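So the protein sequences, as listed, match chains A and B.
With numbering that gives the first Met the number 0, the residue at position 137 of the first sequence is 136, and numbering never jumps.
With numbering that gives the first Met the number 0, the residue at position 361 of the second sequence is 360, and numbering never jumps.
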Amino acid sequence: MQPGLELDISLAKDIGEGKREALDRVVNRHLGAVYRYVLRRLGPEQESLAADVTQDTFYMAMRQMKRYPRGTRTVPMRLWLLRLAGKQIARRKAKPAVVEFEDPDDELASLREAIAGMHEIEGAAIALALFEELPPEEIADALGVSRRAAMRHLRNALQRINKAQAEELEDWSIDG
Amino acid sequence: MDSLRRIYSLGKGNLRPIRSIFKQRPTRMSKAEARLEAALNQLRDGVPLNWTQLEDDPEMVTLARLHAVAQEARSQGLEALPPNLQRNATERMSTRLPRPKQQIVKVAPKSLAGFSENVPVLTQVEENINLQSRVPQWIGATLAAGLLVTFVFWWTGSNFFSPPKSDLTWIEVQQGGKPIYAANPPHDYKAPRCPAWTTMSTSPYIIRNYVPSPDKNKAQGDVDFPIEYLPESVIVGNTAYTLTYLDTAIAACEGPGAVRYSNVMLAYIAKWNTGSGQVKLGTMSVFEGRRQVMTVDAAQGKWKSVTIGDHKGVLWQGAPYKDTSGFDWFGDTIVLAIEHDDITTTVVGQASNGITEEMLAGIIKQMTKAPTAQPASQYTKDLKDGTPIPGILLPIRPDPNKAVTK
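This is how it looks when you write it as structure tokens:
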């Protein structure tokens with residue numbers, strides 16, 4: 000069993016029994032990781048939105064807490080919460096802030112925008128790999144798919160970015 | 000063949016083996032997916048992709064470029080969380096917290112005072128009733144009872160609710176600036192005053208300025224105690240961990256007796272060995288100091304005293320934690336501070352990333368079994384009068400009674 004997973008499962012069960020201390024502990028354990036993930040995806044200009052999405056994620060987690068410990072396929076709560084955070088970003092259609100004078104060399108802003116425009120699972124795959132630097136098996140767990148499927152989503156996301164860049168270059172050469 | 004044998008046993012009504020065949024089946028990946036997975040692991044380890052990996056693979060080129068771009072994002076959000084975020088999140092969640100189940104306690108029906116239907120009430124003999132006033136007796140009895148209750152409260156308070164007495168010399172737990180599990184340094188001990196170190200007004204922590212040391216030998220030369228490095232791997236129960244050493248930094252005391260109160264910070268990356276690979280659990284910091292009181296703040300988390308072998312100390316868990324380099328650990332942080340002789344070792348890790356109490360205890364246990372002190376600068380105690388003198392570094396002299404073998 001992955002380290003910390005046993006504690007996550009027991010905390011989830013305690014929350015199901017209405018124990019407030021367990022709830023505090025879960026928030027304490029994972030709030031930082033979830034907030035950082037959302038903030039990295041939306042950009043530092045969207046601090047307030049990131050805080051809202053984080054709150055929504057934990058609220059959603061609370062509603063689904065009974066479903067969290069699911070036999071042998073239970074993943075660490077941190078990864079499960081990252082999955083829910085990705086869903087919340089997609090649900091709220093949360094996007095990075097629009098900058099009035101966009102710097103064409105700001106590759107990070109372009110990456111964030113590209114992720115926001117992707118299919119939910121592909122965007123999450125590339126964000127987890129690049130922003131969170133998770134290993135392949137954790138990316139798969141956070142997406143709720145197999146390792147093979149996770150790598151496929153990641154490759155698709157990279158292909159999409161390449162395609163978009165190629166189109167951009169083509170437009171630029173026609174305009175030029 | 001082995002698989003066939005297991006399937007054969009299915010015929011005997013045993014369903015378990017065939018299930019285990021599917022469970023153990025490795026994930027089949029296409030060549031491209033496997034290459035991508037290997038590239039991800041390589042980038043995580045800080046090794047750039049090579050030409051062979053990038054050649055004719057535009058996705059891999061993009062991955063390498065974006066991994067570098069995302070470095071900036073990875074350093075974002077490491078500062079404090081927005082104020083009220085934790086409180087707001089907890090409050091919203093608590094609206095959906097189910098009510099704790101109340102245990103139904105069956106209460107035995109009481110019979111009326113002094114009356115039972117089953118017991119026949121006998122007629123009583125008429126008593127002589129004293130018609131004198133009993134008020135003074137009552138006042139006396141009430142005062143005596145009051146005194147007795149006060150005494151009982153005082154006695155239980157002083158014996159049961161006073162802070163537990165600590166048997167630690169250098170580790171202290173404080174709450175609101177007051178020691179609740181006090182360190183007991185020698186009576187002639189004077190706390191070091193180093194101008195470069197700052198004391199926090201809001202917490203009991205002393206913040207030191209650590210300067211990276213180029214190598215282990217140089218670091219060992221700067222301190223007056225043998226630096227204990229963590230073991231490279233630890234096995235706790237069925238779980239194996241790898242601890243990758245990153246660097247050493249020294250906080251020298253610039254006051255009088257500069258070397259005497261130096262403090263060491265070691266940085267590690269903890270990884271969990273899954274069997275098929277390794278999963279990074281996060282960084283761990285280790286602080287070592289000699290004859291310095293190490294404090295933990297009970298207000299920010301829960302603590303308990305621990306004994307690991309002949310090492311005693313305190314285990315603290317909570318958030319946030321400010322370590323002695325001034326770094327804030329957000330999220331559930333676990334701190335194990337132990338002392339041995341006059342040296343304190345404090346190991347800090349992120350519990351939310353999977354660093355557990357058992358893992359930290361395992362590390363200390365292993366260190367106790369096989370000390371990993373660096374032999375670069377030989378260290379010994381001055382045994383002139385049988386007591387160690389702090390701050391004295393002496394080369395170990397060869398034992399003349401020991402035969403030299405070549």
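Note that the Cβ used here is the ideal one computed from N, Cα and C, for glycine as well.
Since the structure is predicted, the reported quantities are computational estimates derived from the model, not experimental observations.
Query                                                                                                                   : Result
Boundaries (first-last residue) of the beta strand (DSSP E) holding B/D214                                              : From DSSP, B/D214 is part of no beta strand (DSSP E); its letter is neither H nor E.
Opposing strand residues paired with B/W302 [DSSP bridges]                                                              : B/W315
Segment limits, alpha helix (DSSP H) that includes B/K364                                                               : E356 to K368
Any chain A beta carbon closer than 8 Å to B/G308                                                                       : no
B/F152 classed as buried or exposed, judged by whether at least 16 other C-beta atoms fall within 10 angstroms          : exposed
Where A/R72 meets chain B, residues with beta-carbon distance less than 9 Å                                             : Here the premise fails: no neighbours, minimum Cβ distance about 11 Å.
Interfacial residues, the segment 79-101 of chain B to chain A, with Cβ spacing under 8 Å                               : L80, P81, L84, Q85, N87, A88, T89, R91, M92, S93, R95, L96, P97, R98, P99 and K100
CB contact below 8 Å: B/E36 versus chain A                                                                              : yes
Beta-carbon proximity of A/A11 to A/P95, cut-off 8 Å                                                                    : no
DSSP-derived helix/strand/coil call for B/H310                                                                          : strand
C-beta neighbour in chain A for B/M427, strict 8 Å                                                                      : Only positions 0 to 405 of chain B appear in this structure, which leaves residue 427 of chain B out of reach.
Any C-beta of chain D under 8 Å from that of A/H29                                                                      : No chain D is part of this structure, whose protein chains are labelled A and B.
Assigned exposure category for B/I138 - 16 Cβ within 10 Å defines buried                                                : exposed
Given B/E287 as reference, the closest of B/T306, B/A251 and B/T343 once Cα atoms are compared                          : B/T343
Interface residues of the segment 325-345 of chain B facing chain A [CB-CB below 7 Å]                                   : F329, G330 and D331
B/S212 to B/Y228 span [Cα, whole Å]                                                                                     : 14 Å
Residues of the segment 141-161 of chain A with Cβ closer than 8 Å to any Cβ of chain B, in chain order                 : S145, R146, R147, M150, R151, L153, R154, L157, Q158, I160 and N161
Within 8 Å of chain B by C-beta, residues of the segment 11-35 of chain A in sequence order                             : I14, G15, E16, G17, K18, R19, L22, D23, R24, V26, N27, R28, H29, L30, G31, A32, Y34 and R35
Nearest to B/G175 (by Cα), restricted to the options B/T345, B/T355 and B/T294                                          : B/T294
Straight-line Cα distance separating A/N27 from B/R192                                                                  : 35 Å
Closer than 8 Å to chain A by CB, B/M283                                                                                : no
Alpha carbon of B/I333 to alpha carbon of B/A350, nearest angstrom                                                      : 6 Å
At least three beta-carbon pairs within less than 8 Å, the segment 106-126 of chain A to the segment 146-161 of chain A : yes
Beta-carbon neighbours of B/L65, restricted to chain A and to distances below 7 Å                                       : L110 and L129
At least three beta-carbon pairs within less than 8 Å, the segment 268-279 of chain B to the segment 325-340 of chain B : no
The segment 320-327 of chain B / the segment 226-241 of chain B touching (three or more Cβ pairs under 8 Å)             : no
CB contact below 8 Å: B/N40 versus chain A                                                                              : yes
Cβ of A/M61 within 8 Å of any chain B Cβ                                                                                : yes
Contact with chain A by B/E32, beta-carbon distance below 8 Å                                                           : yes
Residue(s) in a DSSP beta bridge with B/D246                                                                            : B/A266
Neighbour flag for A/L107 against chain B, beta carbons, 8 Å                                                            : yes
A/Y67: first and last residue of the uninterrupted beta strand (DSSP E) it sits in                                      : Element bounds for A/Y67: n/a, residue is neither H nor E.
Closer than 8 Å to chain A by CB, B/G353                                                                                : yes
Among B/A248, B/T273 and B/G276, the one whose alpha carbon lies nearest that of B/L265                                 : B/A248
Status (buried if at least 16 other CB within 10 Å, exposed otherwise) for A/R146                                       : buried
A/D140, buried or exposed, once every other Cβ within 10 Å from all chains shown has been counted against 16            : buried
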